[in-house]
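When we follow this note's numbering, the leftmost residue of the sequence shown carries the number 116, and every step to the right adds one.
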Amino acid sequence: MKESQRTMDCQELVELVTVYLEDAFAAQAKARFETHVGECGGCAHYVDQMKQTVHTLGELSIEELDPALRDRILTDFRRRS
Numbered sequence: 116m117k118e119s120q121r122t123m124d125c126q127e128l129v130e131l132v133t134v135y136l137e138d139a140f141a142a143q144a145k146a147r148f149e150t151h152v153g154e155c156g157g158c159a160h161y162v163d164q165m166k167q168t169v170h171t172l173g174e175l176s177i178e179e180l181d182p183a184l185r186d187r188i189l190t191d192f193r194r195r196s
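Structure, rendered in structure tokens:
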């Protein structure tokens, strides 16, 4: 089965949500993603949460972030990468 015809599952959606939010999908992959979101309430909620998180973090300046919290976030991020 071609990828464009294959159904996207929740795990694949979670792995690709950043690509979607950055609008970096090819048209067929984006359609598969959006089809899954339209059919899966849990994933629709997850995508909405991620959009809100990106929006909120985009409004936060580095000066507003407590230096200790910033260091903990960066340490955790690097550990998970």
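Beta carbons: idealized from backbone N, C-alpha and C, even for Gly.
With 16 other Cβ atoms within 10 Å as the buried cut-off, status of residue i
i	result
valine 162	buried
valine 152	buried
methionine 116	Residue placement at methionine 116 cannot be trusted, given a pLDDT of 44 that sits under 50; the coordinates are not used to answer.
valine 132	buried
8 Å Cβ cutoff met for residue i and residue j
i	j	result
cysteine 125	glycine 173	no
arginine 147	methionine 165	no
leucine 136	valine 169	yes
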